[in-house]
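Trainee:
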Amino acid sequence: MKKATNKKMTIDDLAVMVAKGFAGVDKKFDGVYRKFDEVDNKFAEVKKEISEVKKDVAEVKENLASTRRDVLAMGDKFTLKYEFHDLASRVSLLEQKRKVKR
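Written out as structure tokens, the structure is:
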């Protein structure tokens, strides 16, 4: 087995080694930055979709309020079913007393 020769480490050699290490780290950070950009884009898409959903919900709420107002207004124009049956039975009794034929 051959013994490795001892080469003296110079400051320049050390600087090259450190520079290579930092270059590797820079490449890794470039990947991380790309991923962050992708995440930011996804968040922007989600934010836009949530905004659209909020608009849709607001529209549904307005439609529901309008429908509610319409239904409440109809209540003033029509006789309730139980009131109608009550009045019909009272008229029927009066007709029987007067012996009115239909």
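Going from the sequence shown to our numbering is simple: count from 1 and add 2.
Beta carbons: idealized from backbone N, C-alpha and C, even for Gly.
For clarity, every value in this text was computed on a predicted model and none was experimentally measured.
For D72, report the span of its alpha helix (DSSP H) as first-last.
Mentor: I13 to G77
Trainee: Return the CA-CA distance between D42 and K83, expressed in angstroms with no decimal places.
Mentor: 59 Å
Trainee: What would DSSP say about K99, mapped onto helix, strand or coil?
Mentor: helix
Trainee: What three-state label does DSSP hand L89 in the structure shown?
Mentor: DSSP, reduced to helix, strand and coil, places L89 within a helical segment of the structure shown.
Trainee: Check K9 in the structure and name its three-state DSSP category.
Mentor: coil
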